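Encoded structure:
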């Protein structure tokens with residue numbers, strides 16, 4: 360019986376992917392659940408497995424080809440137990456090409472099939488790569504940071520400007536980066552993004568962290584960071600200003616009665632925003648652990664499509680890179696995002712006296728089509744006030 364291999368459902372608002380690698384080829388025998396193809400989307404890489412044990416009869420999409428959700432990738436025949444000469448009578452064996460030293464060495468090295476394919480394609484000597492997999496097995500991720508000669512090329516002389524002052528190179532953008540660029544342009548065109556700013560004195564937050572850090576670590580096994588304060592303050596403010604926890608659909612505003620917080624994470628391939636589910640029901644420890652787990656998965660390229668879907672509001676922290684002030688961009692279909700920045704010791708006036716306090720600039724970007732400036736300002740002031748008097752946020756910590 361023939362079984363179709365289809366492009367599965369992808370992430371929210373993602374309808375197409377790129378065929379990255381066929382791990383198995385036409386005529387190969389596969390086991391049920393065995394990975395046979397890897398797809399790349401703008402968010403994550405996705406492995407597609409065989410639905411049955413059998414033989415791959417057809418490969419309908421080539422590597423590098425763009426595919427849509429529901430399209431046919433290939434066909435597996437479960438009636439074939441082993442490949443025989445009669446299975447492919449018209450296929451003649453091609454003459455073997457000379458094998459270079461790298462290929463000979465790579466065949467003897469412990470590496471995943473996709474890692475070996477990448478190494479063969481980009482002429483990488485796997486003997487010089489340290490594997491991170493079980494028992495030192497080399498994986499695809501181990502090759503990610505190696506510059507591929509196929510992805511970098513010199514600019515032809517005919518395309519260089521006469522005023523060029525030095526050598527140049529062209530780097531082919533990944534599908535993820537192309538999609539990120541496209542979406543950033545779309546969000547600027549499809550929304551009316553406006554940003555409001557305010558400074559927050561984090562003296563009390565820092566004092567609480569310092570006072571209870573050892574106790575918190577001993578009890579929960581994780582440090583009390585800043586993010587739990589900001590998540591709790593954001594949820595509290597969203598409950599008071601529900602229009603920022605919403606989605607605009609045609610001529611209707613959908614108010615979300617749940618609080619799934621998108622937490623922006625910088626990775627080597629670009630920004631991703633995994634979602635912390637039911638943030639309003641989590642303790643400070645659960646928030647810290649949840650964010651740490653999602654960030655680790657994202658950076659190790661282990662994040663799932665489900666973990667990137669359905670956020671109602673997002674938080675991004677440019678302060679970890681030293682940003683003092685920025686304008687965060689909306690993550691559609693969300694209508695609000697909070698931007699955190701670097702904490703600085705600054706002189707501020709307190710009860711008529713100038714004192715030095717740890718201050719952060721906060722930014723909230725919102726869709727002005729449905730959120731008035733007054734509401735956005737009050738929302739941010741609510742967050743500011745909660746962070747400057749945070750004890751009420753820690754009742755369930």
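In my numbering, the protein residues as written are 360 to 756. Note that CB positions come from ideal geometry on N, CA and C, so glycine has one too. Just so you know, these numbers come straight off a predicted model, no measurement behind them.
Under a three-way DSSP split, which group does residue i fall into?
i           : result
residue 673 : strand
residue 449 : Residue confidence for residue 449 is low, a pLDDT of 44 falling below 50, so the modelled location carries little weight; the figure read from the coordinates is stated next. In this structure, residue 449 counts as coil in the three-state DSSP scheme.
residue 399 : strand
residue 746 : helix
residue 579 : helix
residue 602 : helix
residue 698 : strand
residue 716 : strand
residue 377 : strand
residue 737 : helix
residue 498 : coil
residue 642 : coil
residue 751 : helix
residue 479 : helix
residue 470 : strand
residue 653 : helix
Alpha carbon to alpha carbon, how far is residue j from residue i? Give it in angstroms, no decimals.
i           : j           : result
residue 603 : residue 731 : 10 Å
residue 374 : residue 693 : 19 Å
residue 584 : residue 568 : 7 Å
residue 400 : residue 535 : 6 Å
residue 432 : residue 598 : 45 Å
residue 428 : residue 364 : 11 Å
residue 489 : residue 674 : 36 Å
residue 746 : residue 668 : 28 Å
residue 684 : residue 553 : 15 Å
residue 624 : residue 690 : 13 Å
residue 369 : residue 437 : 26 Å
residue 628 : residue 595 : 33 Å
residue 704 : residue 712 : 16 Å
residue 506 : residue 622 : In this prediction, residue 506 scores a pLDDT of 49, lower than 50, which makes its location untrustworthy; no coordinate-derived value is stated.
For chain D, is any of its Cβ atoms less than 8 Å away from the one on residue i?
i           : result
residue 651 : Any reference to chain D falls outside this structure, which holds one protein chain only.
Taking a contact to mean a Cβ-Cβ separation below 8 Å, would you say residue i touches residue j in this structure?
i           : j           : result
residue 411 : residue 435 : yes
residue 699 : residue 681 : no
residue 759 : residue 561 : Absent from the model: residue 759. The displayed extent of the chain is 360 to 756, so no value can be given.
residue 626 : residue 473 : no
residue 415 : residue 386 : yes
residue 686 : residue 724 : yes
residue 607 : residue 484 : no
residue 633 : residue 651 : no
residue 721 : residue 556 : yes
residue 423 : residue 366 : no
Between residue i and the ligand ADP, is the CB less than 7 Å from at least one heavy atom?
i           : result
residue 670 : Questions concerning the ligand ADP fall outside what the structure shown contains, since it holds no ligand whatsoever.
Starting from residue i, follow its DSSP beta bridges and name the residues at the other end.
i           : result
residue 413 : 389
residue 436 : 361 and 414
residue 557 : 721
residue 625 : 630
residue 608 : 611
Kindly indicate the opening and closing residues of the alpha helix (DSSP H) around residue i.
i           : result
residue 705 : Here residue 705 belongs to no alpha helix (DSSP H); instead the beta strand (DSSP E) covers 703-709.
Along the beta strand (DSSP E) that carries residue i, what are the first and last residues, could you check?
i           : result
residue 611 : 611-614
residue 551 : No beta strand (DSSP E) contains residue 551, which DSSP labels as neither H nor E.
residue 424 : Here residue 424 belongs to no beta strand (DSSP E), and DSSP marks it neither H nor E.
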